[in-house]
Structure formats: structure tokens, C-alpha cells
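To start, the structure under review is shown below, and the notes come after it.
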Amino acid sequence: MIKRDKYLNELIDSMNYKMPKVITGIRRCGKSFLLKEIFFEYLVNERKVSAENILIIELDDINNVQYRNPIKLSNYIKENIKNKNTYYVFIDEIQLVTSIINPEFTNGETIIAKEDDKNIISFVDVVLGISRIKNVDLYVTGSNSKLLSKDIVTEFRDKARNIHLQPLSFEEFYAYYGGDQYAAFYEYLVHGGMPMAVLEQDLARKENYLKDLFNTTYLKDIIEHNKFRKIETLDELCNVLSFATGQFLNTQKLANIIESRKKEKIDKSTIDNYLNAFIDAYIVEEVNRYDIKGNSSIGALRKYYFSDTGLRNARLDFTSLDLGQLIETVVYNELIYHGYNVMVGSFNQFEKNKNNESVVKKYEVDFYATKGIETVYIQVAENIDDAKTKQRELRPFHLIRDANKKIVLVNRPIKAMKLENGIVLYGIVDFIMNLK
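Going letter by letter, the sequence shown gives residues 175 to 610 in my numbering.
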């Protein structure tokens, strides 16, 4: 079994809060397994909860199809609360609950609600209603766009606790994979941390799984949920984001790139809608720029990183394996996994040119990461053995005259060492494994 201790601990910390727990995350990252296997085992073995007091409703099971009616689902749960002990209720695939018009307004008939109908009863009403029962601790999960959406907790009007699940971190991956850490890291860079891909031993089946997952699951969900019509444009945007991982982009720049490839005019609003759909489904993350010296977010240019390197590589048929892009992606995801808020650091500096004229030069720090009162500046490099490369990578740090941590990461198996001006050099794997 692949351990997900971070998320198990989040569930444990959330136990008996009088609000529902909503487990969100990209499809197939292990939400159902976390709930029905790992958390179930903890409740039975550690908390000595009777299995009879753990009620699991799997709405994707054809035998439970009647409970996709929100009223029948609510009644079923209430009917099975048979004693005063705490009941742990797991509703899996909650998005399969069909919204209906309140039967009070339909003479008791069950009528499926349309998008613009009023007096609707939906899965949100079921979740909020069941969570009010005194001896019920409620957990829900789902795996299509309705629960992939980042605004799901807003839909519960801040009356739910969100536990966001990512694909396996490198630490979780390595605990299962084992062996030489750098060999494991390269495998992680190429095939990522989607649990089913990690468990698959055959290389061809592993890569086919990731390609099929992207093309037939994620894109299908996005298209159906958002009712998109320009499928070719959506497809091309996905390709551009894959090739341009970690580059500064905006809607206009993306539109220009796609126009040059498709030889047709692309509306910026279309690109914006498609881009937001990828972000909303947790496929990519948008990273803003932060003015280090001005202490504020700046500009429209942003970077985009995939939530999983295996998915990014699958989109490109496992070609164009740019190690710099992949390592940056992993570092970003690891920082997020460990609770950091991450932006791209940027600032302007007045310098003299060859003609002794004052000019403005722009500098960038790969990641400006904050967590509580801690701030860390991070540069990611393949190596800094070359003097010019070292000067280029360290120059921004020399110009930032504050006491915050300044770290350079290289893709080498080295132990941490101090460089000039308090800058610390880490091997990438050693840094990630000790990040917590």
C-alpha cells in the first residue's frame, strides 16, 4: 500500500468537526482510496470504531443507483443511523447525485432540474443536511468536474472543510519505490506520481495509462462540464502549456502562439476560458509574479506548472523531456505540498551599461516561497560548475539585501554547503527529502 500519511493526518485532525469534509483534487490522484482504505483502516484499527458505524455509499455502484436521487440518499443515511455512537459517513462520487426540483413544488413528482431552474435540491443540500446530524461525521469525495472544481467549497458557502489531495509527492513516491534516490528521482521526473502509474511496472502500460488518462478522462471532463466547442483550440492550448512549462505567459501571448500554429484568429476570451478550465480542474497551477523590492504582485505575465510531471510528459508523448522544466515543476509542487505559498520573485535594478548610462535591468528568482513568518528564495539550476552560470544564478541573491533564506538547488547528489553571502547550495533530492 502506498502511504499518504500527510492526508491521513489531515483527516484525523478534521475528525468530529461539525462540518463536512470535502476531499478535492485532480482525478485519479487517490481520493477514494484515501477515504475508503487508508482512513477506514485507521478508524477500525486505531480508534476501534465498529465497522457497523462506518457507512460507505459508493454512488458509482449500479446497486446504489437509486441513491443518486438526493432525497433518497438523505433518507437512506438517516435510516441507517441506528444508535447514539458516532457514525462516519463516506459518500463516494458525490457528483453523481442528480439535482431535482423540490417535490414540494411538483406535486410530489421527481423532476430533474435544469440549469436555470429554481427550488433545486442538489448534493450540496444533502451534504449540509446530513452534516447537521449530531452523531454523524461526514466525508465526501468525487472524481469529475463538479468536485474537481476549485470553487466547490464556495458552493458549500464556507460550511465545509476542504482537504486537497495532490498526486504523490517525491517523498511518498520514494517510500514506495525505494532504491537509489537519484534513479528514483529521474523516474519521478518522467512518469510522475499518479498512484496507478506508480503501481504499474510495465513501462508501455504505464505510459499508455497516463496518455489515456489525460486524453480520455481529463479533456473529456473539461469539454463536457464547460460545454466547449472549439476542441482543436483547447487541444492546442494544452500542447503550448506543456511545451512552455515555467515560461512567462499571458492570455495574449498564448493566443498569438496558437494563432501562428492554427493560422486563424483566436479570441482572447476563449483562451482565458480554456486556461481557467485547466486551472480549475487542477491540471495546471498558475503562479503569479511578486515584486521582491516593491512587496506586491505585479503584471499580467504568469508561469504555469503541471500538477504532475508524468501528465505533462504524457501530453507530449514522452518526448521533449526538458529536465530544467521538469525539475522546476517538481520543486513547485513540493513547496505547495509542504504548505508554502509560492510565487515567482522579480525585481528591477538600476545598473550602468557599457556606455556608463543608467539602465533598468530585470532580475528573476525562480520561487519566492512563504510559510507563516518564513520566507525563502529559491533558484533551480542543472548545475553551477561553470563560472558564468554560477554568476548568473547567484546575481539576484547578491542584489536582494535582506535576511531571508537564499537557496540554490542543483541536480547533483551533494550535501548542503554554504556559499558566499549566506547562500546555501543543496542537491535537489536532499532538499526535497528534508523539506518538511
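For every residue, glycine included, the Cβ atom is placed at its ideal position computed from N, Cα and C. Note that this is a predicted model, so its numbers are computed, not measured.
Over the uninterrupted alpha helix (DSSP H) stretch that includes residue i, give me the two end residues.
i, result
"Tyr456", "That residue, Tyr456, is in no alpha helix (DSSP H); it is neither H nor E in DSSP."
"Gln355", "355-365"
"His572", "561-573"
"Ile614", "Beyond the ends of the chain as shown, which are 175 and 610, falls residue 614; an answer cannot be given."
"Asp266", "Here Asp266 belongs to no alpha helix (DSSP H); instead the beta strand (DSSP E) covers 261-266."
"Asp187", "179-188"
"Thr407", "405-417"
Just to confirm before moving on: does the CB-CB distance between residue i and residue j stay below 7 Å?
i, j, result
"Val271", "Val196", "no"
"Arg476", "Glu460", "yes"
"Ile212", "Arg178", "yes"
"Ile274", "Thr284", "yes"
"Val582", "Gln553", "yes"
"Glu406", "Ile432", "no"
"Thr544", "Asn507", "no"
"Asn630", "Ile602", "With the chain covering 175 to 610 only, the question about residue 630 has no answer from this structure."
"Val598", "Lys589", "no"
"Leu247", "Val300", "yes"
"Ala429", "Ile445", "yes"
"Ile236", "Phe264", "no"
"Arg566", "Ser520", "no"
"Lys258", "Asn293", "no"
"Glu215", "Ile337", "no"
"Ile466", "Tyr392", "no"
"Pro194", "Leu312", "yes"
"Glu381", "Phe279", "no"
List the endpoints of the continuous beta strand (DSSP E) containing residue i.
i, result
"Gln523", "515-526"
"Asp235", "Counting along the chain, Asp235 falls outside any beta strand (DSSP E), and DSSP gives it neither H nor E."
"Ile197", "195-199"
"Gly473", "470-480"
"Ile626", "Residue 626 lies beyond the residue range present for the chain, which begins at 175 and ends at 610; the question has no answer from this structure."
"Val598", "598-601"
"Thr315", "310-315"
Any idea if residue i is buried or exposed, counting beta-carbon neighbours within 10 angstroms, 16 or more meaning buried?
i, result
"Leu322", "Legend: pLDDT at Leu322 = 49, less than 50; position of this residue unreliable, value from coordinates given subsequently. Buried, by the Cβ-count rule."
"Phe347", "buried"
"Lys256", "exposed"
"Thr425", "buried"
"Pro587", "exposed"
"Phe524", "exposed"
"Ser319", "A caution first: Ser319 carries a pLDDT of 49, below 50, which makes its placement in the model too unreliable to give a value."
"Gly473", "exposed"
"Phe541", "buried"
"Leu339", "buried"
"Ala577", "exposed"
"Gly199", "buried"
"Ala357", "exposed"
"Glu442", "Glu is not the amino acid found at residue 442; the sequence shown has Lys there. Lys442 comes out exposed."
"Val239", "exposed"
"Gly498", "exposed"
"Ala555", "buried"
"Gly546", "exposed"
With distances taken Cα to Cα, identify the nearest neighbour of residue i among the options.
i, options, result
"Glu226", "Tyr262, Ile268, Asn243, Asp354", "Tyr262"
"Pro341", "Tyr542, Tyr360, Asn257, Ile176", "Ile176"
"Asp604", "Asp354, Lys380, Leu495", "Asp354"
"Arg335", "Tyr191, Tyr362, Gln269, Lys308", "Tyr191"
"Leu490", "His338, Cys412, Lys536, Glu567", "Cys412"
"Glu374", "Tyr350, Tyr356, Tyr551", "Tyr350"
"Ser343", "Leu217, Asp482, Glu594", "Asp482"
"Gly204", "Lys258, Ala371, Asn281", "Ala371"
"Leu182", "Thr563, Ile200, Ser206, Ser520", "Ser206"
"Phe359", "Glu502, Ser434, Arg242", "Glu502"
"Phe330", "Phe297, Val310, His338", "Phe297"
"Gly282", "Ile245, Leu384, Val310, Phe264", "Ile245"
"Asn608", "His512, Ile547, Gln269, Arg569", "His512"
"Gln269", "Tyr241, Ser443, Val223", "Tyr241"
"Lys436", "Gly546, Val414, Glu184, Phe422", "Val414"
"Leu500", "Tyr362, Leu217, Leu312, Asn243", "Tyr362"
"Pro570", "Tyr537, Asn469, Gly596, Asp576", "Tyr537"
"Asn595", "Lys610, Ile606, Lys579", "Lys579"
"Val518", "Ile510, Val539, Asn530", "Val539"
"Leu233", "Glu267, Lys333, Tyr383", "Glu267"
"Glu289", "Lys439, Asp311, Lys401", "Lys401"
"Asn389", "Lys562, Leu509, Arg201, Ile510", "Arg201"
"Leu573", "Asn529, Glu548, Lys535", "Lys535"
Beta-carbon of residue i versus every beta-carbon of chain C: anything under 7 Å?
i, result
"Glu381", "No chain C is present in this structure, which holds just one protein chain."
(message) Quick test of the definition: if touching needs 3 or more C-beta pairs under 8 Å, does the stretch 349-368 touch the stretch 476-490?
(response) yes
(message) Tell me whether the stretch 234-253 and the stretch 301-310 touch, counting them as touching only if at least three CB pairs, one residue from each stretch, are closer than 8 Å.
(response) yes
(request) Inspect the CB distances between the stretch 412-424 and the stretch 465-482 and report whether three or more fall short of 8 Å. (result) yes
(message) Check whether the stretch 390-404 and the stretch 437-455 touch, using three or more Cβ-Cβ pairs below 8 Å as the test.
(response) yes
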